[in-house]
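Here this note's numbering is used: the first residue of the sequence shown is 14, the next is one more, and so on.
Glycine included, each C-beta is placed from N, C-alpha and C at the ideal position.
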Amino acid sequence: MRQGRSNELLSIIDGRPVLSEAVHPMSNLLELSAEEVLSAFRESQSRDFAEVVDQVQQPDSPLHRLFAEMRAGVPADNPFHELPLFRQGALRRLFFDLHEHVMSHPVWRHPFFVRVFDGRFDRTQATEFALQYFNQIKNTRQCVALAVGRFHGLMPMPFGPLNERISELTQIILAQLVADEYGVGSHELADYPAVDGILAARTHIRMYRQLFEGLGVPPGRQDVAMLPGIADNVLTQRLLAASPAFSPLEALSSVGLGMEWGVPEFFSLLLGGLIRFAWRADLALTPRHLEVFIAHVRFDVIHAVAVMLGTTLHMEREGDVDAVKGACNTLMAGRYGMMSELYRHVFGEPCASLADIGLEARYALRDRRIAEELIKARRNIDPSRVVGGEAYAEKQDVPFVFLC
Numbered sequence: 014m015r016q017g018r019s020n021e022l023l024s025i026i027d028g029r030p031v032l033s034e035a036v037h038p039m040s041n042l043l044e045l046s047a048e049e050v051l052s053a054f055r056e057s058q059s060r061d062f063a064e065v066v067d068q069v070q071q072p073d074s075p076l077h078r079l080f081a082e083m084r085a086g087v088p089a090d091n092p093f094h095e096l097p098l099f100r101q102g103a104l105r106r107l108f109f110d111l112h113e114h115v116m117s118h119p120v121w122r123h124p125f126f127v128r129v130f131d132g133r134f135d136r137t138q139a140t141e142f143a144l145q146y147f148n149q150i151k152n153t154r155q156c157v158a159l160a161v162g163r164f165h166g167l168m169p170m171p172f173g174p175l176n177e178r179i180s181e182l183t184q185i186i187l188a189q190l191v192a193d194e195y196g197v198g199s200h201e202l203a204d205y206p207a208v209d210g211i212l213a214a215r216t217h218i219r220m221y222r223q224l225f226e227g228l229g230v231p232p233g234r235q236d237v238a239m240l241p242g243i244a245d246n247v248l249t250q251r252l253l254a255a256s257p258a259f260s261p262l263e264a265l266s267s268v269g270l271g272m273e274w275g276v277p278e279f280f281s282l283l284l285g286g287l288i289r290f291a292w293r294a295d296l297a298l299t300p301r302h303l304e305v306f307i308a309h310v311r312f313d314v315i316h317a318v319a320v321m322l323g324t325t326l327h328m329e330r331e332g333d334v335d336a337v338k339g340a341c342n343t344l345m346a347g348r349y350g351m352m353s354e355l356y357r358h359v360f361g362e363p364c365a366s367l368a369d370i371g372l373e374a375r376y377a378l379r380d381r382r383i384a385e386e387l388i389k390a391r392r393n394i395d396p397s398r399v400v401g402g403e404a405y406a407e408k409q410d411v412p413f414v415f416l417c
């Protein structure tokens, strides 16, 4: 990198590229390898969750008081008392087991993320990526909203008088994710926005359009038909969140653990790559242009811890850990397929599918529910919204690897 220059994103200090604290929590991000970025987030998320575990166990903490009050309201034989949340060391073991499973998946090391982080792309390729990934951004938040509705007063749970309270707490966690995505939220009447203020909310969609300003893409060119691989991922996320073929626990796991834990890591790779590219190309990108990436790195760390805690409230049966891992595997497989298609489209070069990389058996799917649901869902799309939409609607192959 050139010496003697700085901008709002990056400075060269003693010959080293240093990011502003307002841009990324790792000021040395551009000195790290993609693998080191992944390792750093695995370690930081482990520390963050360990702090939450400690809070649950400390009598004077709000979290401890919340769960203690719930426990006090039910007899000793209520299965609520047997949740991992309350067994010595169980919550910590559960987190590390699930966290290691999710963060070791090859999707977080996908060649697309690594190449972008290295800055090996030009402005045309950056624009093509931005246009197509926008289709993913526009739809992800809807999946969280769909999952909120899976938790309600009529759902079967074994906790008796605590059933609705646990359902409500889960809704609150997911609703906060939705509120962050849509840029809304107020508890005081004096702070409540007028209708024009609601409609002008700073959603993640609106933040993303700021990237187009930096890349010089006018409003009329910002919305394009999806690539089939992106459409598959959008449908996969929606199906896991909303289809009755998948349980509420699977829905929660997909929009929580499978979706939130990896986001700070790969958004850091995308952010770092765009900063590196802008510096080399002397393109005047600013923190405002990259705000959607900056926000996902910072807020999704909080989201990741919250959804893990919420998930533990629904893990009372044998086999629930496998169900959570299976849902995460499904979601991560869909994302891998999307990123491979993006690689081929953006760079015009081959990119292996998940089935071609020697996937570990623990990440293969144990049933074909998602294949059946995805093939059906394709038939109900608007063909004009997908590149080659008519052929896509009849497509029979799927981006998943099955155990048998």
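In terms of Cα proximity to Leu-43, the closest of Arg-60, Leu-190, Leu-23 and Phe-54 is Leu-23.
Between the alpha carbons of His-114 and Cys-341 lies a gap of roughly 9 Å. Distance from the CA of Ala-291 to the CA of Glu-21, rounded to the nearest whole angstrom, comes to 12 Å.
Residue range 241-255 is occupied by the alpha helix (DSSP H) that includes Leu-248, with no beta strand (DSSP E) assigned at that position.
Contact between the stretch 216-235 and the stretch 365-373 is absent: fewer than three C-beta pairs spanning the two stretches fall below 8 Å. Collapsing the DSSP output to three states places Ile-218 in a helix. Looking from the CA of Thr-325, the closest CA among Phe-80, Ala-297, Asn-41 and Cys-417 belongs to Phe-80.
Under the three-state reduction of DSSP, Leu-51 is assigned to helix.
The C-beta separation of Gly-275 from Val-414 comes to about 18 Å, leaving the pair out of contact by the 8 Å criterion.
Per DSSP, the unbroken beta strand (DSSP E) holding Leu-32 starts and ends at 29-32. In the DSSP secondary-structure assignment, Val-399 is bridged to Met-239. Between Gln-250 and Ser-267 a beta carbon distance of about 7 Å is seen, short of the 8 Å cut, so the two are scored as contacting. Counting only runs of at least 4 residues, the stretch 93-175 fully encloses the following alpha helix (DSSP H) elements, listed from N- to C-terminal order: 103-116, 124-131 and 136-161.
The three-state secondary structure of Phe-225, taken from DSSP, is helix.
Of the residues assessed, Ser-397 falls on the exposed side of the cut-off, its CB having fewer than 16 other CB atoms within 10 angstroms. For Arg-381, the closest of Pro-92, Phe-259 and Ala-308 by C-alpha to C-alpha distance is Phe-259.
Within the model, the alpha-carbon separation for Leu-32 versus Met-39 is close to 7 Å. CA-to-CA, the gap between Arg-100 and Pro-75 works out to about 19 Å. One alpha carbon belongs to Glu-141, the other to Gln-58, and they sit about 32 Å apart.
The Cβ atoms of Leu-240 and Leu-355 sit closer than 9 Å to each other.
Glu-263 is the residue among Gly-323, Gly-402, Glu-263 and Arg-357 whose C-alpha sits nearest the C-alpha of Ala-336. Looking at the DSSP output, Leu-378 sits in a beta bridge with Phe-415. The continuous alpha helix (DSSP H) containing His-77 extends over residues 75-85. Taking the Cβ atoms as the reference, Val-65 lies roughly 19 Å from Val-310, outside the contact range of under 8 Å. Sorting Ala-47, Pro-97, Glu-34 and Val-50 by C-alpha distance to the C-alpha of Glu-331 places Pro-97 at the top. Nearest neighbour of Gly-271 by Cα position, chosen from Val-399, Phe-125 and Val-157, turns out to be Val-157. In this structure, the beta-carbon distance from Leu-190 to His-327 does not fall below 9 Å.
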